Amino acid sequence: MGRYVIRRLLQMIPVFFGATLLIFLMVNVMGDPIAGLCGDRQCDPATATQLRKEFGLDKPLWQQYATYMGNVFTGDFGTAFNGQEVTELMASAFPVTIRLTIVAILFEIVIGITLGVVTGLRRGRPVDTGVLLVTLVVISVPTFVTGLLLQLLLGVEWGWISPSVSPEAPFDELIVPGLVLASVSLAYVTRLTRTSIAENRRADYVRTAVAKGLPRRRVITRHLLRNSLIPVVTFIGTDIGALMGGAIVTERIFNIHGVGFQLYQGILRQNTQTVVGFVTVLVLVFLVANLLVDLLYAVLDPRIRYA
130 MGRYVIRRLL
140 QMIPVFFGAT
150 LLIFLMVNVM
160 GDPIAGLCGD
170 RQCDPATATQ
180 LRKEFGLDKP
190 LWQQYATYMG
200 NVFTGDFGTA
210 FNGQEVTELM
220 ASAFPVTIRL
230 TIVAILFEIV
240 IGITLGVVTG
250 LRRGRPVDTG
260 VLLVTLVVIS
270 VPTFVTGLLL
280 QLLLGVEWGW
290 ISPSVSPEAP
300 FDELIVPGLV
310 LASVSLAYVT
320 RLTRTSIAEN
330 RRADYVRTAV
340 AKGLPRRRVI
350 TRHLLRNSLI
360 PVVTFIGTDI
370 GALMGGAIVT
380 ERIFNIHGVG
390 FQLYQGILRQ
400 NTQTVVGFVT
410 VLVLVFLVAN
420 LLVDLLYAVL
430 DPRIRYA
């Protein structure tokens, strides 16, 4: 196990540099960030030259990337064009989005896996058909439609929730936004769990466990569910980073000042330092989540061993 973890950590190094380089290149071709600093009017040449020199934009692109990565390893993600440190923006944004992601992941685990197990064990029955239709509708409806509809009904019409989340963003105010954020992934988790349960239900080890007279609950939880959760855990693990980076729509609807909000503002204002800094951290989240998922395989299935 230890050798496997070390090998995976070493493999993450080139992936990290390759992903950040690609992001750095893409962000820097979005447009001229200096033009956005001067508003609607064009910057005069002297001011534009001074700003480029101040933010290091007068250097070659490879040198900008090398300087940026060197600063990242010292904990310096640069300064936004408004003069605020990117690390300060991260300190205020990431805790909010982490809480929102936790709520979303809990919905996926509790509701998605539960519905998947129920429908997988009752494949072809009315409850299975009903859940499949509901999940198909959820997948088909865009997230911004779901968010605006719940905001209108629960927040404006019925007054059950606040239409916008407060700046502190406590867990109780993030329940509905978390459900909106997790809605599509929850539907996929339900369908994935259902398919995996239905397939493994016909496996030899399940029939053997039933023939030995084991209680139905133990057969489901100890034998059927553990092996069926491997593809589900893979999906949820990769979905953690996707939820954190893809919360732009949800955070905009409910006025949540998290990672998605900061990314939106950075893209809108062509603030390359903010965008690259936040996405760099999201790359690390993706890599760590994938490593934890791989290690969790051995916990779910004792037959899996790492060399």
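In this note's numbering, the protein residues as written are 130 to 436.
Beta carbons: idealized from backbone N, C-alpha and C, even for Gly.
Everything numeric in this text was worked out from a predicted model, so none of it was measured.
My guess is that residue i and residue j are in contact by the Cβ rule of under 8 Å, so how many angstroms apart are they, rounded?
i: V313; j: T367; result: No, V313 and T367 are not in contact; Cβ-Cβ is about 14 Å, not under 8 Å.
i: M373; j: T230; result: 5 Å
i: Y197; j: F153; result: 7 Å
i: F383; j: S293; result: 6 Å
Among the options, which residue has its Cα nearest to the Cα of residue i?
i: A108; options: N400, L281 and Y334; result: No answer is possible for residue 108: it lies beyond the span of the chain, which begins at 130 and ends at 436.
i: I377; options: V270, T226 and L315; result: T226
i: F364; options: L139, I234 and D205; result: I234
i: L243; options: R331, L277, Q402 and L321; result: For the record, residue 243 in the displayed sequence is Thr; it is not Leu. Among R331, L277, Q402 and L321, the Cα nearest to that of T243 belongs to L321.
i: V156; options: L424, F415, V408 and D423; result: V408
i: A332; options: P344, H352 and W191; result: H352
i: I240; options: S293, V260 and P255; result: V260
i: T324; options: L413, P292 and L358; result: L358
With hydrogens ignored, establish whether the beta-carbon of residue i is closer than 8 Å to any heavy atom of the ligand NAD.
i: R137; result: Ligands are entirely absent from the displayed structure, and the ligand NAD is therefore not among its contents.
Exposed or buried, what is residue i when buried is set at 16 or more other beta-carbons lying within 10 Å of its beta-carbon?
i: A340; result: exposed
i: S269; result: exposed
i: Q391; result: buried
i: E286; result: exposed
i: T319; result: buried
i: N200; result: exposed
i: S295; result: exposed
i: T248; result: buried
i: L282; result: exposed
i: A222; result: buried
i: F300; result: exposed
i: L354; result: buried
i: A298; result: buried
Please report the distance separating the alpha-carbon of residue i from that of residue j.
i: E214; j: G395; result: 13 Å
i: V348; j: A338; result: 6 Å
i: L411; j: G370; result: 6 Å
i: I304; j: L279; result: 12 Å
i: G276; j: P306; result: 7 Å
i: G387; j: E217; result: 12 Å
i: T403; j: R137; result: 29 Å
i: A311; j: I142; result: 30 Å
i: T350; j: P189; result: 58 Å
Determine whether the Cβ of residue i lies closer than 9 Å to any Cβ atom of chain C.
i: G406; result: Looking at the structure shown, chain C is missing, and only one protein chain is on hand.
Report the start-end ranges of each beta strand (DSSP E) in the stretch 200-253 that is 3 residues or longer and not cut off at the edges. DSSP runs (the beta strand (DSSP E)) wholly in the stretch 200-253: none.
Run through the stretch 371-414 for me and flag every whole alpha helix (DSSP H) of 4 or more residues, listed as ranges in chain order. Within the stretch 371-414, the runs of alpha helix (DSSP H) that reach at least 4 residues and sit entirely inside it are, in chain order, 377-382 and 388-397.
Ordered list of beta strand (DSSP E) runs contained in the stretch 318-345, each at least 3 residues: For secondary structure counted as the beta strand (DSSP E) over 3 or more consecutive residues, the stretch 318-345 holds no complete run.
Runs of alpha helix (DSSP H) lying entirely within the stretch 275-325, each at least 4 residues, in chain order: The qualifying runs do not exist here; there are none.
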